[in-house]
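For the protein sequence lines, the chains are B and F, in the order given. Heads up, the first sequence is in the UniProt record's numbering, so the first residue is 1 and it goes up one at a time. Heads up, the second sequence is in the UniProt record's numbering, so the first residue is 1 and it goes up one at a time. Everything below concerns the one structure shown next.
2 protein chains.
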Amino acid sequence: MEVAPKSPDPVAPGAAPGPSHIRLTSHASGHGALPIHWAAASAAERGPVVGTTSKRSHRNVIGTHSGSYSVYRALAVASGALSPHHKADLTNTSPTDVIGPYPQWSEPGRIVSMDPWGARIAEVFAAELAAGYDIRPTIAVTKAHVILPEVIEALQSGRLKADGKFLTANGAAMVTKAAIEPVWYLPEVARRFGCTEADLRRVLFEETGGMYPELVTRSDLEVFLPPIGGQTIYIFGNPRDLANPAVELTARVHDECNGSDVFGSDICTCRPYLTHAIEECIQGAQRGGVGLVAYSRKEGRALGEVTKFLVYNARKRQLGGDTADQYFARTECVAGVQDMRFQELMPDTLNWLGITKIHRLVSMSNMKFDAITKAGIEIVERVNLPDALIPDDARVEMDAKMAAGYFTPGAVPDADELKKAKGRQLDT
Amino acid sequence: MEVAPKSPDPVAPGAAPGPSHIRLTSHASGHGALPIHWAAASAAERGPVVGTTSKRSHRNVIGTHSGSYSVYRALAVASGALSPHHKADLTNTSPTDVIGPYPQWSEPGRIVSMDPWGARIAEVFAAELAAGYDIRPTIAVTKAHVILPEVIEALQSGRLKADGKFLTANGAAMVTKAAIEPVWYLPEVARRFGCTEADLRRVLFEETGGMYPELVTRSDLEVFLPPIGGQTIYIFGNPRDLANPAVELTARVHDECNGSDVFGSDICTCRPYLTHAIEECIQGAQRGGVGLVAYSRKEGRALGEVTKFLVYNARKRQLGGDTADQYFARTECVAGVQDMRFQELMPDTLNWLGITKIHRLVSMSNMKFDAITKAGIEIVERVNLPDALIPDDARVEMDAKMAAGYFTPGAVPDADELKKAKGRQLDT
Chain B
1 MEVAPKSPDP VAPGAAPGPS HIRLTSHASG HGALPIHWAA ASAAERGPVV GTTSKRSHRN
61 VIGTHSGSYS VYRALAVASG ALSPHHKADL TNTSPTDVIG PYPQWSEPGR IVSMDPWGAR
121 IAEVFAAELA AGYDIRPTIA VTKAHVILPE VIEALQSGRL KADGKFLTAN GAAMVTKAAI
181 EPVWYLPEVA RRFGCTEADL RRVLFEETGG MYPELVTRSD LEVFLPPIGG QTIYIFGNPR
241 DLANPAVELT ARVHDECNGS DVFGSDICTC RPYLTHAIEE CIQGAQRGGV GLVAYSRKEG
301 RALGEVTKFL VYNARKRQLG GDTADQYFAR TECVAGVQDM RFQELMPDTL NWLGITKIHR
361 LVSMSNMKFD AITKAGIEIV ERVNLPDALI PDDARVEMDA KMAAGYFTPG AVPDADELKK
421 AKGRQLDT
Chain F
1 MEVAPKSPDP VAPGAAPGPS HIRLTSHASG HGALPIHWAA ASAAERGPVV GTTSKRSHRN
61 VIGTHSGSYS VYRALAVASG ALSPHHKADL TNTSPTDVIG PYPQWSEPGR IVSMDPWGAR
121 IAEVFAAELA AGYDIRPTIA VTKAHVILPE VIEALQSGRL KADGKFLTAN GAAMVTKAAI
181 EPVWYLPEVA RRFGCTEADL RRVLFEETGG MYPELVTRSD LEVFLPPIGG QTIYIFGNPR
241 DLANPAVELT ARVHDECNGS DVFGSDICTC RPYLTHAIEE CIQGAQRGGV GLVAYSRKEG
301 RALGEVTKFL VYNARKRQLG GDTADQYFAR TECVAGVQDM RFQELMPDTL NWLGITKIHR
361 LVSMSNMKFD AITKAGIEIV ERVNLPDALI PDDARVEMDA KMAAGYFTPG AVPDADELKK
421 AKGRQLDT
């Protein structure tokens, strides 16, 4: 059990004599801001990510914590409900399971969009916390029992069996889960997207309508906490086994789709694929392996739900009906691109977990496959979504994706097949 | 079927002769920016919300569209996948159902955090679009079939009956749904939170680590598109009936909880309450009423999921175990507040839909009840979550909330009851 730092409001560094590894040298642009040496071999050399809003001179990043929820924090302060000087009491909040460190954490370019030390700040930056730095976790690790009706159905129909360890008789799967906020090291994020850091900074500023001018004025700040959703990972089995290539790993990387994941809309296969993956993960853990679901907050292909619904209407109303051969074109007309999810940053979480080999990837996406293998992780086998789990109205999407390169063990639909209207009209 | 504007890249206003209601007068600070008269009686008088990034002089707001997904749009531009000059082709995207206009749309202070005209921009701002203004929908309305396993179970057990109109035999509920992005009129948002507009602007800037300096430098821009998630509404029955107080309305306003809504974590009652509400909405529609679920993107009480998981650990590990009497205290230690959701803005969507009376509110939250009634909407009856749907581990949360003022038709737990450890330990 760790004890929360109880120091009063930020002590000026230099005033409080700290342990020797605290760098009290003033940063080029700050007064007491600690330097960040991304991908350094140890936490002490790397240094903490400080995104506090209560002591500006300590900040060594652009942006702040909790992503876009900082806007709600502002409302809390504006309404008088929250003191702007509140410091988190981190008593008892430390991870239930220690993740890493793994060699990937300090290999240049391997992890560029999250802070591998983000879960363990109370431990590895205890001295800096004691010296008055307001350091926040960017990752939290806990345990949960998750009960999905599809898992209960699988138990009832005999596809899954309860063992009391990974799955209880009432359908609860035992998991370790982690919430991860994005922490971007801009020089390497730019490299992933094949542009210069200067271009990335300028475009991030311009295309958001002028969010964070420090992106262009403070090139000395190389780390950005973007106000976007992060990832949540669910581990079925022992988290340590993820890093052991000898243990069978079943994994799905899933992108958020509120309409299907929560509400079960039948126009896509998102929730069916997610619950199928969870079933596969439980089975994998039960036969001595480990399972992983990584859930990314990228609603509607990272276009947002308004754009997604606009595209639905355009698909359903177009001349000739909802056909697979026009599936990507309709998104591109509205959004300018077919997809904005960019899987380039997704594998960072897998590297954080120490994964080097995925035995069974429960995904048909060639973009996810390519990104993971490019990140140095081996994929042995791909598991497609069983046909019986594809809702009728989702056939359009599935055909279009298979024709565009999605993995399928069966036949790829030809041009004639893609022209057939398979989606419902709006008024039916 | 509307036709998309096909004008070339933004035409300088003044160059293209537009219809008379386009105000070509240069804005105090812009060159061609159209004024916004919030809550004006008609769309023409109100004027369009222009958050484009391709022609800066046309902008009449702070921020941009698609909330935080603008960061992904920036990545698309940085990587060369998207032209920064792309204009959305809105062909066939118009709403499947016309919502409003309702008197509430132009009553001062009634709707301050969304654009009531946001779904109909292609129709009501056709002239401005033709004149080269890049106006985007902030709302999209479509139709869907939603299939939830809990609804299928209710069909099988006889609690629900298929009628082929609201609910099919295979468990698909027919809905109209709308995605809504936040559009904040800052003077009235400040009023809702009891602070001055100047304070709200300053705090929004400071507590986000310096996001959008225009908040403090451009007091002439009164509308802000914050990079936060919005709402999605699901309507069971005829959307027009929502505004008719004679038609029985069953409604739930639900705040996102990914861990329960998607994954079925048993530490809270979020998904059980959501699916219970959907069952109530279907039954309501079947007996001649109408149902509504409004889903707000406010993960973990708008604290984000990292903070939520930290709090889970602190609750489970505290001396004495996970008890209701420490439930709110643990959140406050970590986050500084018990809750950051602020229901103050939530009722705007209800007013947008023309709602004046909710016959059955499927919620026990006193904060939601207070906010809705304060917004001028009558609530006849509150529907609590049946005891059988409360997971064992969620008993702590439920007891704590009932003791704090949540609605319950039964007994409120007393001090002794609240001290009993009812939550699981982390290692079980």
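We put the CB at the ideal spot given by N, CA and C, even for glycine.
How about L361/F and A246/F: are their beta carbons less than 7 angstroms apart?
no
Would you mind reading off the limits of the alpha helix (DSSP H) that contains E188/B?
L186 to R192
How would you write the range of the beta strand (DSSP E) that T176/F sits in, first residue to last?
T176/F: member of the beta strand (DSSP E) spanning A172 to I180, first to last residue.
Whole angstroms is fine: what's the gap from L167/F's alpha carbon to T208/B's?
42 angstroms
Flag P170/F as yes if its beta-carbon sits less than 7 angstroms from any beta-carbon of chain B, otherwise no.
For clarity, residue 170/F is Asn in the given sequence; the question names Pro instead. N170/F does not count as touching chain B.
Given that a residue counts as buried once 16 or more other Cβ atoms are within 10 Å of its Cβ, and exposed if not, what is K368/B?
The residue is buried, with at least 16 neighbouring Cβ atoms inside 10 Å.
Please go through the same chain and pick out, in chain order, the residues whose beta-carbon is closer than 7 angstroms to the beta-carbon of T64/B, but skip the five residues on each side of it.
Apart from sequence neighbours up to five positions away, the residues of its chain that approach T64/B with a beta-carbon distance below 7 angstroms are G51, T53, S70 and L225, ordered along the chain.
Along the chain, which unbroken stretches of the alpha helix (DSSP H) at least 4 residues long are found entirely within the segment 68-150 of chain B?
You should have 70-78, 121-124 and 126-130.
Counting pairs of beta carbons, one from the segment 75-87 of chain F and one from the segment 197-204 of chain B, are three or more of them closer than 8 angstroms?
yes
Is A329/B close to chain F, meaning its C-beta is less than 7 angstroms from at least one C-beta of that chain?
no
Can you find the residues in the same chain that come closer than 6 angstroms, C-beta to C-beta, to R301/F, ignoring five residues on each side of it along the sequence?
D339, M340 and R341
Residue ranges of each alpha helix (DSSP H) within the segment 192-260 of chain B, 4 or longer
197-207 and 214-217
Is the Cβ of K143/F closer than 7 angstroms to any Cβ of chain B?
So yes, K143/F belongs to the interface.
Rounded Cβ spacing between I233/F and V293/F (contact assumed at less than 8 angstroms):
7 angstroms
On a CA-only basis, which of G284/F, H254/F and S79/F is nearest L274/F? Give me that one, please.
H254/F
Jot down the residue ranges of each uninterrupted beta strand (DSSP E) in the segment 276-343 of chain B, minimum 3 residues, whole runs only, in chain order.
290-296
I need the boundaries of the alpha helix (DSSP H) containing K401/F, first residue and last residue.
R395 to A403
Give the secondary structure of S57/F by DSSP, where H, G and I count as helix, E and B as strand, and everything else as coil.
helix
Taking the alpha-carbon of A144/F as reference, which of N60/B, P391/B, L129/B and G118/B has the nearest alpha-carbon?
P391/B
Just how far apart, CA to CA, sit V334/B and A40/B?
43 angstroms
At the 7 angstroms Cβ level, is R201/B part of the contact set with chain F, yes or no?
no
Kindly identify the DSSP beta-bridge partner or partners of R382/B.
L361/B
Contact criterion: CB-CB distance below 7 angstroms. Does N384/B meet it with respect to chain F?
no
Would you call the CB atoms of N351/B and R56/B closer than 7 angstroms?
It is not a contact, given that the beta carbons lie outside the stated cut-off.
What residues of chain F sit near E153/B, judged by a beta carbon separation below 8 angstroms?
P149
So, are the CB atoms of I147/F and D266/B less than 7 angstroms apart?
yes
Just checking: is the beta-carbon of M174/F within a distance shorter than 7 angstroms of some beta-carbon in chain B?
no
Starting from the beta carbon of F342/F, find every residue of chain B whose beta carbon is closer than 8 angstroms, and list them in chain order.
Y72, L75, A76 and S79
Determine which residues share a DSSP beta bridge with G63/B and list them.
L225/B
Would you call the segment 88-107 of chain F in contact with the segment 70-80 of chain F, where contact means no fewer than 3 C-beta pairs closer than 8 angstroms?
no
Cβ distance (whole Å) where I228/B is taken to contact P182/B below 8 angstroms
At roughly 6 angstroms, the Cβ-Cβ gap stays under 8 angstroms, so I228/B and P182/B are in contact.
If we cut at 7 angstroms on Cβ distances, does I22/F have a partner in chain B?
Low local confidence applies: a pLDDT of 35 at I22/F is under 50, so the model's placement there is unreliable, and no value is given.
Classification of N170/F by the beta-carbon crowding that lies within 10 angstroms, buried from 16 upward:
exposed
Per DSSP, which residues does A421/F bridge with? Please list them.
T323/F
Interface partners of T138/B on chain F, CB under 9 angstroms
V306
Per DSSP, what are the beta-bridge partners of residue 470/F in this structure?
Any property of residue 470/F remains undetermined from this structure, which presents chain F solely from 1 to 428.
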